[in-house]
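Asks: The structure's right below; bear with me while I get my questions together.
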Amino acid sequence: MTNSFTESSSFTASSSYVEENGEVIHRSTNFQSSHSQSTTLTIVAHGASELINVETMGKQDPFLQFSLDYTNAKSYQKTFTHKKAGAEATWNQTFVLPLQGQPDLYIEVMDEESTFAEVIGFAAIPINQVVHAQGATFNGIFEIFAVNGKRAGQVHLTLSAQGFPNSVTQSFEQQVIRGQSYIKEEHLKRVKSLRNKALGTDIAMGVLGSALAVGVGFLGKKTYSDHQKAEEEEAQKEAQEKEEEARRVEERETFEREKREFEEQRVAAETERKQREEREESHRVQQTNTRRQESESHNSSERREESSSEHRESSSKSKSKKREERRNRGSGSDSNSDSDSGSDSDSDSGSGSDEEKRCRRKEKKEKKEKKRCERKEKRNNSCERKEKRGSGKEWDPVGTYSTGDRVKYHGHTYICLQGHSSNPTWKPDVAHSLWESA
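Numbering follows the UniProt record's numbering, with no gaps: position 393 of the sequence shown is 393.
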């Protein structure tokens, strides 16, 4: 996170702070004020809370020490010691430090000991956030850190920069907000040195006590060994936590990858299934349309045949009628020319004409009956063909079938959807892509 502040209209501050790889780095600092007066930093140390416990027995006695130059041990100022405060300490003391362009305020919360104070937590606080705050005053809560980088508690400070164009009369009624603090590597080295001195003092006191009792001299060594062991265990624990976190991340990535692959396979299978169903449905529709067209064509052919037969019959009747009329006219003419013949002859002629008519009518009737029988026979043959085609033969497990073939299987009739050479596993009631129920 970049924590650089905007410039004021009457002064500039080229100092900025950038977080890189989890560490806040100070770029550069060059406060320039339009006023010739000196600049100062007023510090109100209200207290500390949520402090870790570094005391082995009883409650710890916290105090706060701070400086603008961590390299100068004599520049540090400190609050009074809050005896037996434990994790919550209150000081409410005010200090004023000369400010000459230093980028950070270095704070250290210590536990007062009879020999050498032990570090509870420390931090570097960028002053830039104070200078650019409203009225150049910042009432904030700042986190402090242990030497292993973990959180060690928090300190409540009100910081006020005086001598800047936006500085106002000190007013500590502002709302408390979260301030920025970080670990500076050089400051960390100083804190580790303080811790080692405290540890060395404890060891020295243990060695000194060995003059009074046998075996007490090993106490310091044991304390140091225990401390080293604790640090090693803590480092090992951190390494295990990092390894476990990496393993969880890898497992999560593997799970997500397998999930994506499974989803892709499922979508592909679903798409293939839909396409196959669409093809089968299209094939069934095509087969149905083909059968419908064949049926319509057959019916149309029969209708045309019947119509043609009726037309021929009507034409035959018309021709027979015309022949009859011509015969009748010819018979009448012969009768007039033979007028001298007797009445018996006329009677015989009329009788012969009636007999001829009866013969012709009988002949027509026989022809009509013959045509009716022929049509009936054709219809019977057509029905037999339909029945034969509709029923089909029994399904042959090793037979060869063409599209539209019909077979019987377990009392049901099936229609072949596509040509194939069968095998015993492609049963009509199972191989739905090859057969459909009629």
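We put the beta carbon where it would ideally sit given N, CA and C, even for glycine.
Mind checking who L51 pairs with in its DSSP beta bridge?
Replies: For the purposes of this step, residue 51 is taken as the residue at position 51 of the sequence shown. Per DSSP, none; premise fails for L51.
Asks: Less than 8 Å between the beta carbons of Q65 and K83, yes or no?
Replies: By 1-based counting over the sequence shown, the position of residue 65 is 65. By 1-based counting over the sequence shown, the position of residue 83 is 83. Contact: no.
Asks: At the level of alpha carbons, what is the spacing between K393 and K408?
Replies: Here residue 393 refers to the residue found at position 393 of the sequence shown. Here residue 408 refers to the residue found at position 408 of the sequence shown. Cα-Cα distance, rounded: 6 Å.
Asks: Our contact map puts N53 next to A87 with C-beta atoms below 8 Å; I'd like the distance itself, whole angstroms only.
Replies: Here residue 53 refers to the residue found at position 53 of the sequence shown. Here residue 87 refers to the residue found at position 87 of the sequence shown. Rounded to the nearest angstrom, the Cβ distance from N53 to A87 is 7 Å, consistent with a contact under 8 Å.
Asks: Are S318 and R360 close, meaning C-beta to C-beta below 8 Å?
Replies: As a working mapping, residue 318 is identified with position 318 in the sequence shown. As a working mapping, residue 360 is identified with position 360 in the sequence shown. Cβ distance not < 8 Å, so S318 and R360 don't count as in contact.
Asks: Considering just the uninterrupted stretch of the alpha helix (DSSP H) at V130, what are its terminal residues?
Replies: Locating residue 130 in the sequence shown gives position 130, where the first residue counts as 1. That run of the alpha helix (DSSP H) goes 128-131.
Asks: Leaving out the 5 sequence neighbours to the left and right, which residues in its chain are closer than 8 Å to G153 when beta-carbon positions are compared?
Replies: Along the sequence shown, read from residue 1 onward, the residue named residue 153 stands at position 153. By the criterion of a C-beta distance shorter than 8 Å, G153 is surrounded in its chain by A48, S49, E50, L51, I52, A87, V109, I120, G121, E143, I144, once the five residues flanking it on both sides are discounted.
Asks: Have a look at L68, S75, L97 and flag the residue whose alpha-carbon is nearest the alpha-carbon of L105.
Replies: Mapped onto the sequence shown, residue 105 falls at position 105. The shortest C-alpha separation from L105 is found at L68.
Asks: How about Q180 and Q129: are their beta carbons less than 8 Å apart?
Replies: Translated into the one-based positions of the sequence shown, residue 180 becomes position 180. Translated into the one-based positions of the sequence shown, residue 129 becomes position 129. Against a cut-off of 8 Å, the Cβ pair of Q129 and Q180 comes out as a contact.
Asks: Within its chain, find whatever has a CB closer than 7 Å to the CB of Y401; leave out the 5 residues flanking it on each side and keep chain order.
Replies: Counting from one through the sequence shown, the residue named residue 401 turns up at place 401. Cβ within range, chain order: C416, G419, H420, S422.
Asks: Kindly indicate which three-state DSSP category E23 falls into: helix, strand or coil?
Replies: Position 23 of the sequence shown, counted from the start, is the residue given in the question as residue 23. Only weak support exists for where E23 lies, its pLDDT of 43 falling under 50; the value from the coordinates is given anyway. Of the three classes helix, strand and coil, the one that applies to E23 here is strand, per DSSP.
Asks: Helix, strand or coil: how does DSSP classify K83 here?
Replies: On the sequence shown, position 83 is the one that residue 83 refers to. Residue state, collapsed to three classes: coil.
Asks: Classify G140 as buried or exposed, calling it buried when 16 or more other Cβ atoms lie within 10 Å of its own Cβ.
Replies: Within the sequence shown, the letter at position 140 stands for residue 140. With 16 or more Cβ atoms within 10 Å of its Cβ, G140 is classed as buried.
Asks: Using 10 angstroms around the beta-carbon of S308, count the other beta-carbons present and answer buried if the total reaches 16, otherwise exposed.
Replies: By 1-based counting over the sequence shown, the position of residue 308 is 308. That one is exposed.
Asks: Cα separation between R266 and E272?
Replies: Within the sequence shown, the letter at position 266 stands for residue 266. Within the sequence shown, the letter at position 272 stands for residue 272. Distance between the alpha carbons of R266 and E272 is about 10 Å.
Asks: CB of L434 to nearest heavy atom of the ligand NAP: below 7 Å?
Replies: The ligand NAP is absent from the structure shown, which contains no ligands of any kind.
Asks: So what does DSSP say about V191, is it helix, strand or coil?
Replies: Along the sequence shown, read from residue 1 onward, the residue named residue 191 stands at position 191. Helix, per DSSP.
Asks: From what residue to what residue does the beta strand (DSSP E) around Q154 run?
Replies: Working through the sequence shown from its first residue, we reach residue 154 at position 154. Start and end: 151-162.
Asks: Does DSSP classify F116 as helix, strand or coil?
Replies: Start at 1 with the first residue of the sequence shown, and residue 116 comes out as number 116. It is coil, neither helix nor strand.
Asks: If we call anything under 8 Å between Cβ atoms a contact, is T229 one with F116?
Replies: Translated into positions along the sequence shown, residue 229 becomes position 229. Translated into positions along the sequence shown, residue 116 becomes position 116. Per the sequence presented here, residue 229 reads as Lys, with Thr not at that position. For K229 and F116, no; Cβs fall outside 8 Å.
Asks: Smallest Cα separation from R279: which of K242, Y76, S433?
Replies: As a position in the sequence shown, residue 279 is number 279, starting the count at 1. If we check each option's Cα against that of R279, S433 comes out closest.
Asks: Any idea what DSSP makes of N299, helix, strand or coil?
Replies: Translated into the one-based positions of the sequence shown, residue 299 becomes position 299. DSSP places N299 within a helical segment (H, G or I) once states are collapsed to three.
Asks: Is the distance from the Cβ of K189 to the Cβ of A124 below 8 Å?
Replies: Start at 1 with the first residue of the sequence shown, and residue 189 comes out as number 189. Start at 1 with the first residue of the sequence shown, and residue 124 comes out as number 124. Taking 8 Å as the Cβ cut-off, K189 and A124 do not qualify as a contacting pair.
Asks: Sort out for me which residues DSSP pairs T413 with in a bridge.
Replies: On the sequence shown, residue 413 is found 413 positions in, with the first residue counted as 1. DSSP output for T413 lists K408 as bridge partner(s).
Asks: How is A89 classed by DSSP in three states: helix, strand or coil?
Replies: For the purposes of this step, residue 89 is taken as the residue at position 89 of the sequence shown. Strand, per DSSP.
Asks: Within its chain, find whatever has a CB closer than 6 Å to the CB of I177; leave out the 5 residues flanking it on each side and keep chain order.
Replies: Start at 1 with the first residue of the sequence shown, and residue 177 comes out as number 177. Only residues of its own chain outside the window of five on either side were considered, and among them G140 have a CB closer than 6 Å to the CB of I177, listed in chain order.
Asks: According to the Cβ coordinates, are T169 and V96 closer than 8 Å?
Replies: Looking up residue 169 in the sequence shown gives position 169. Looking up residue 96 in the sequence shown gives position 96. Against a cut-off of 8 Å, the Cβ pair of V96 and T169 comes out as no contact.
Asks: To the nearest angstrom, report how far apart E302 and K376 are at their CA atoms.
Replies: On the sequence shown, position 302 is the one that residue 302 refers to. On the sequence shown, position 376 is the one that residue 376 refers to. When rounded, the distance between both Cα atoms is 12 Å.
Asks: State yes or no: is the C-beta of T371 within less than 8 Å of the C-beta of E313?
Replies: Counting from 1 along the sequence shown, the entry for residue 371 is found at position 371. Counting from 1 along the sequence shown, the entry for residue 313 is found at position 313. Correcting the residue identity first, residue 371 is Lys in this sequence and not Thr. Closer than 8 Å, so yes.
Asks: Bridge partners for S437 per DSSP, in chain order?
Replies: To locate residue 437, count along the sequence shown from 1; it is residue 437. BP columns for S437 point to Y414.
Asks: Assuming contact is defined by CB atoms lying nearer than 8 Å, are F80 and V131 in contact in what I supplied?
Replies: To locate residue 80, count along the sequence shown from 1; it is residue 80. To locate residue 131, count along the sequence shown from 1; it is residue 131. A distance of 8 Å or more separates the beta carbons of F80 and V131.
Asks: Buried or exposed: A133, going by 16 or more other Cβ atoms within 10 Å of its Cβ?
Replies: The residue labelled residue 133 in the question sits at position 133 within the sequence shown. When all chains shown are included, A133 counts as buried.
Asks: Let me know if E256 comes out buried or exposed under the rule of 16 or more other beta-carbons within 10 Å of its beta-carbon.
Replies: Reading the sequence shown from its first residue, position 256 is the one you call residue 256. Exposed, by the Cβ-count rule.
Asks: Leaving out five residues on either side along the sequence, give the residues of the same chain with a beta carbon under 7 Å from the beta carbon of T40.
Replies: For this step, residue 40 is matched to residue 40 along the sequence shown. Around T40: V96, L97, P98, L99, Q162, G163.
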